[in-house]
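The numbering of the sequence shown is the working numbering, which starts it at 18 and goes up by one. Idealized CB from N, CA, C, for every residue including glycine. The structure presented is a predicted model; accordingly, all values stated were derived computationally and were not measured. Written out below as structure tokens is the structure these notes cover.
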Amino acid sequence: MLDSPQFTPPALTGKEMSDHEEALVADTKPHIFSLKGQLLEQGRTDSVLAATEDLTVRLKIYASGGENELHAHPTEDHSFMILQGSARFFGPEDEAIDLGKYEGIMLPRGNYYKFFATSDEPLVMIRVGNPCHAKMPPPSRINIDGSEMKGDSKENKKVDVIFKDEFFGG
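Below, the structure written as structure tokens:
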């Protein structure tokens, strides 16, 4: 019997998020998950919704204007699908493409990219990646020089999260 969807808290630390992903990977039964998430005034959140050894599903929420820095995932194929808002994605030569609600992008491993939220409303995306982080050899994210770049680093433009009293999905 499947359980009811679970709401994943968005403000987990890197270690807590890794532990949560590992627990999901260890559970080999079907996963039911919710796409609900708290919207942001500032910053970004990344919530693992479901995971197996070969696939992760995450809910990513960015405040308007939220961004990250040019990077690549050398051993992970992944995609983003926009549920709310819009984003501008950039390649390594600053080439750009604008994506909106119900559009997505596939990023095969090793491709450099960055993006930022372009809408007045917060950006809400599903991120699907392969494989799970525990199966990836380090580093899982690199900057344009090939050095490791942590996702929650100042180099990757991390700022403090400020939540709104609003939620995506209900």
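- Collapsing the DSSP output to three states places N128 in coil.
- Per DSSP, A67 is one residue of the beta strand (DSSP E) stretching across R61 to T69.
- Close CB contacts of G54 within its chain, under the 6 Å cut and outside five residues either way in sequence, are with P27, L76, I78 and F185 (chain order).
- Taking 8 Å as the upper bound for CB-CB distance, C149 and T92 are not in contact here, some 11 Å apart.
- Annotated three-state conformation of M142 is strand, per DSSP.
- The DSSP-derived three-state label of A40 is helix.
- Take the alpha-carbon of A67 and the one of G146: they are about 11 Å apart.
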